[in-house]
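Each remark here refers to the structure printed beneath this line.
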Ligand code: EPU
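Below you can see the structure in the form of structure tokens.
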């Protein structure tokens, strides 16, 4: 087990904030977790970093940090119709998508190029372009820090919702996800319903898209709208799309006919946070070190030399302004430390 002391957390957060982490412990297998358990490590406060792509660091971190880097890609069940593949929590999500695309295993190609690692994917039920993790989820394994045992979680136990799961509520802080098993289809199932995918394929005159065509289209769309964290610090969508009463959405729409309303459950609907932020005048807003991305209003960016507190300040101002203008509360999607 590799343990480093007094390290910059710069390489471990896609916003690119240079705060100090006093102890970093790299976890590459479950035996290391068991050893830490035997040493009573989990009785004191600690933190976990996976890909660091949904994390806003606003201060130095005093508690030890576990960097989950458990590798592995293993097929553990296969029929003529589907394959179940177990991915180690530390595997890079996009590399796993490409692996599935190469093998023509259908189900996660619409989630190409999402930053981060496999282990974080179920925590917020990642999603993009008409697909969510829960649509292909079979089960996961997680280390229970109270008992020291590995537990299996099936689909129901994970309680997935929109950018939400059991691990953000009752399970928060109690488990370390060690692997995720996805059930992928061997029978071609292409989902190009999401507007931009079909348009991108049409522009290329691709009438019968392959899994690779869909993955490439998603990569192209994401690259055209979302900043590359290697070039411009960011953590993807900073806010969740708000789920509100239909009556409120329709009231807003009566003044703004361009507002898109998507069904949620019961009397609730989902509206784009990016639209609310753009209509409030924040899209492309720039201040000295941070700002709002000019091509996607949901994405806050760090130009360099700034602090996480500056992003937090900007996010709070946007939250207040949108609440004042539209009566809608925007919730942060990103974790703030
Ligand atoms: N819109 C604006 N202004 C903008 C951008 C979008 O008004 O600057 C409006 C448009 O009406 C557009 C609608 O918002 O039709 C939806 O925009 P988009 O398709 O870009 O998706 P999103 O709802 O803003 C969500 C996810 C993204 C994911 C995309 C594509 C959340 C919080 N975000 O964004 O996920 O890539 O859909 O499926 O659900 C992430 O979570 O980090 C992330 C990037």
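In my numbering, the protein residues as written are 824 to 1160.
Yeah, the Cβ is synthetic: ideal placement off N, Cα and C, and Gly gets one too.
Residue i beta carbon near the ligand EPU (any heavy atom closer than 7 Å)
i            : result
residue 1050 : no
residue 791  : What the structure shows of the chain is the stretch from 824 to 1160, and residue 791 is not part of that stretch, so it cannot be assessed.
residue 1076 : no
residue 974  : no
residue 1060 : yes
residue 945  : no
residue 1095 : yes
residue 1121 : yes
residue 1083 : yes
residue 986  : yes
residue 1156 : yes
residue 916  : no
residue 1014 : no
residue 846  : no
residue 1098 : yes
residue 1069 : no
residue 1064 : yes
residue 1101 : yes
residue 1109 : no
Buried/exposed call for residue i, threshold 16 Cβ in 10 Å
i            : result
residue 1036 : buried
residue 1140 : exposed
residue 1075 : buried
residue 1100 : buried
residue 978  : exposed
residue 1015 : buried
residue 1046 : exposed
residue 1138 : buried
residue 948  : buried
residue 909  : buried
residue 1125 : buried
For residue i, the residue or residues it bridges with in DSSP
i            : result
residue 1086 : 1092
residue 890  : 849, 872
residue 989  : Answer is none; residue 989 lacks a bridge partner.
residue 911  : 1002
residue 906  : 901, 1007
Q: Count the CB pairs spanning the segment 1110-1120 and the segment 1066-1077 that are closer than 8 Å, and state whether there are at least three.
A: no
Q: Taking only runs that begin and end inside the segment 1075-1160, name each unbroken beta strand (DSSP E) of 3 or more residues, in chain order.
A: 1091-1093, 1113-1115, 1122-1125
Q: Kindly confirm or deny that the segment 845-860 and the segment 889-906 touch, where touching means at least three C-beta pairs closer than 8 Å.
A: yes
Q: Pair every Cβ in the segment 1049-1063 with every Cβ in the segment 1079-1086, then say whether three or more of these pairs are closer than 8 Å.
A: no
Q. Should the segment 980-996 be called in touch with the segment 935-943, which here means at least 3 C-beta pairs below 8 Å?
A. no
Q: Specify whether the segment 1010-1020 and the segment 906-916 touch according to this definition: at least 3 beta carbon pairs, one from each stretch, less than 8 Å apart.
A: no
Q. Counting Cβ pairs, one atom from each stretch, are 3 or more of them under 8 Å apart for the segment 923-930 and the segment 1032-1048?
A. yes
Q.
Which complete beta strand (DSSP E) runs does the segment 969-1042 hold, if anything under 3 residues is left out?
A. 973-977, 998-1008
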